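Remarks on the structure that follows.
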Amino acid sequence: MKALVKSQDGQGLWLKDVPEPEMGINDVKIRVLYTGICGTDLHIYEWDAWARSTIQIGLVIGHEFVGEVVAVGENVPDVHPGQLVSGEGHVVCGRCRNCLAGRRHLCAFTKGVGVNRDGAFAEYVVLPMSNIWHHAPGVNPEVASIFDPFGNAVHTALAFPVLGEDVLVTGAGPIGIMAAAVARHAGARHVVISDPNPYRRALAEKLGVTRAVNPMETTLAAVQKELGMSEGFDVGLEMSGNPNAFRDMINSMSHGGKISMLGIPSQEIAIDWNKVIFNQLTLRGIYGREMYETWYKMTVMLESGLDIEPVITHRLNWRDYKDGFDAMRSGNSGKVVLDWRD
Ligand code: NAD
Ligand code: ZN
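Counting from 47, one number per residue, gives the positions in the sequence shown under my numbering.
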C-alpha cells in the first residue's frame with residue numbers, strides 16, 4: 047500500500063510502497079479516507095531534536111484520520127465492515143491502576159499512533175478495537191478526520207465549568223480556535239483569544255469569539271476594561287506553549303481562576319508564583335482526550351449545533367502532502383486535511 051513514511055534521517059517525509067499492516071484478533075483494519083496534519087507531524091517532518099530522539103526510521107506517521115472499516119479480528123464483536131470510524135491516537139496498556147479504574151487518559155504506558163507505532167498517513171491503518179470511535183450518522187467526514195485535535199480542544203475547554211464565565215484562550219492555532227468555539231457553545235459569556243498572527247485572529251473571529259487580540263499591541267487589562275469585566279478571567283485555556291502568553295494569562299485571572307494547559311512549552315517557564323498562591327489559582331495539565339467521555343461530548347456538541355468546519359482551511363489530495371506541510375509551516379492555516387480517497 048501507499049504510505050507517507052519517515053524513511054530517512056533528515057527533513058522530509060517520503061511516499062513509499064509498504065506492506066499492509068497486519069491484524070491481530072482484537073484489531074480493526076480501516077481504509078483511510080481523510081487525514082489531518084498535526085503539529086506533531088510537522089515536528090517529525092522537520093526532524094527536530096524531539097523527533098530524532100522519539101521516531102524510529104521506517105515509521106508510517108499520522109494519527110488524525112477518518113476511514114471505513116474493512117476487516118475486524120475474530121474477537122471484535124461490535125465493529126463492522128463499512129462503518130465510518132476514527133481512532134483514538136493513544137493506545138493505552140489497559141492493565142495499570144489508572145486504566146483499570148477507567149482513567150485511561152492517565153495511563154503512564156501510552157503509545158502514540160504515528161509516533162510509537164505505525165500511523166494513518168497510508169491507505170490502511172490497524173488499531174485495537176478499544177481505540178475505535180464509531181461516528182454518529184450524518185457527521186461531516188472531513189470534520190470527523192480532525193476529532194483527535196478537536197478532542198484536545200474539548201478536553202481542555204471543558205476541564206472546568208465555563209457556563210456564564212469569562213474565558214481567555216492564549217494561542218489561536220487550530221486547537222485554540224476550536225477550544226474557544228467549544229467554550230462559547232458551552233455557555234461562556236466572553237471568550238477572548240490572543241495571538242500575534244493576524245491570519246489566525248481572523249479565523250478565530252469567524253468561529254465566533256468575543257475578541258481576538260494581538261498581545262503585542264493590546265493588553266488583556268485593556269480588553270477586560272472594554273468588556274466591563276470587573277476582576278479578571280474566570281477560566282484560562284493555554285493553547286500556545288509560549289512563556290509570555292502563559293505569564294499574560296497568570297496576570298489576567300480573577301481570584302480563584304482556573305487554568306487548563308494544553309500548549310507544550312519548548313523550555314522551562316518562570317512565572318510569578320505569588321500570583322498563583324495569593325490569587326488562589328488552579329493550574330491543570332491536559333494531555334490527549336478522555337476515553338471516551340471527550341469523544342462522546344464532541345459527537346453531541348456537533349449534533350447540538352457546534353460548527354468547527356471553518357477551522358479547516360486547506361483541503362489537498364494526499365499526493366500534495368508537501369504543500370500541506372508548507373501551509374502548516376507558514377502559520378497561515380487552520381487545519382490542513384488530506385484526501386486519501388483515490
Ligand atoms: P499551533 O502551534 O498551531 O498554535 C499555537 C499558536 O500560539 C500560534 O498560532 C502562535 O502564533 C500562538 N502564539 C505564539 N506566541 C503567542 C503569545 N505570546 N500569545 C498568544 N499566542 C501566541 O498549535 P495547535 O496545533 O493549535 O496546538 C496548540 C498547542 O497544544 C501546541 O503547543 C501543541 O504543541 C499543543 N498540543 C498539546 C497536546 C496535548 O495533549 N497536551 C496535544 C496536541 C497539541
Ligand atoms: Zn495503562
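Beta carbons are placed, not taken as given, at the ideal position from N, Cα and C, and that holds for glycine. Quantities reported herein were computed from a predicted structural model and do not represent experimental measurements.
Would you mind giving the Cβ-Cβ distance between residue i and residue j, rounded to the nearest angstrom? I have them listed as a contact below 8 Å.
i, j, result
"threonine 216", "alanine 291", "4 Å"
"methionine 175", "phenylalanine 196", "Not a contact, Cβ separation roughly 22 Å."
"asparagine 198", "leucine 308", "6 Å"
"leucine 173", "aspartate 73", "7 Å"
"phenylalanine 206", "serine 286", "In fact, because the Cβ distance is near 18 Å, the residues do not count as touching under 8 Å."
"glutamate 134", "tryptophan 96", "That belief does not hold up - the Cβ atoms of glutamate 134 and tryptophan 96 are roughly 22 Å apart, past 8 Å."
Rounded to whole angstroms, what's the CA-CA distance from residue i to residue j? Just pull it up for me.
i, j, result
"isoleucine 296", "arginine 365", "44 Å"
"histidine 136", "threonine 156", "6 Å"
"aspartate 369", "threonine 359", "13 Å"
"glycine 233", "leucine 253", "15 Å"
"methionine 374", "isoleucine 221", "13 Å"
"isoleucine 103", "lysine 52", "6 Å"
"serine 300", "alanine 248", "27 Å"
"asparagine 121", "methionine 337", "21 Å"
"lysine 304", "alanine 117", "45 Å"
"serine 240", "glycine 282", "11 Å"
"aspartate 294", "aspartate 388", "47 Å"
"serine 132", "alanine 250", "26 Å"
"methionine 47", "glycine 128", "20 Å"
"alanine 316", "phenylalanine 324", "17 Å"
Just to confirm my understanding: we take residue i, look at its own chain, exclude 5 residues before and 5 after, and list those with CB closer than 7 Å. What are they?
i, result
"cysteine 153", "Val138, Cys139, Cys142, Asn144 and Cys145"
"threonine 100", "Val161"
Nearer than 8 Å: is that true of the beta carbon of residue i relative to any heavy atom of ligand 2?
i, result
"cysteine 84", "no"
"glycine 140", "yes"
"alanine 154", "yes"
"asparagine 144", "yes"
"arginine 77", "no"
To which residues of the same chain is residue i closer than 8 Å at the C-beta, ignoring the five residues directly before and after it?
i, result
"serine 350", "His231"
"lysine 343", "Val200 and Leu204"
What do you reckon, is the C-beta of residue i under 8 Å from a heavy atom of ligand 1?
i, result
"aspartate 372", "no"
"proline 356", "no"
"methionine 175", "no"
"alanine 291", "yes"
"serine 350", "no"
"alanine 218", "yes"
"aspartate 94", "no"
Tell me which same chain residues have a C-beta within less than 6 Å of the C-beta of residue i, skipping the five on either side of it?
i, result
"leucine 352", "His231"
"aspartate 212", "Arg235, His236, Met275, Phe279 and Asp280"
"leucine 273", "His236"
"isoleucine 192", "Gly82, Glu110 and Lys381"
"arginine 335", "Gly197 and His201"
"glycine 165", "Val106, Ile107, Gly108, His109 and Val159"
Any chance the CB of residue i is under 8 Å from a heavy atom of ligand 3?
i, result
"aspartate 280", "By its list of ligands, the structure shown excludes ligand 3, since it contains just ligand 1 and ligand 2."
- Is there contact between the stretch 90-103 and the stretch 182-190, where contact requires at least three CB pairs shorter than 8 Å? Because the criterion of three Cβ pairs below 8 Å is not met, the stretch 90-103 and the stretch 182-190 do not touch.
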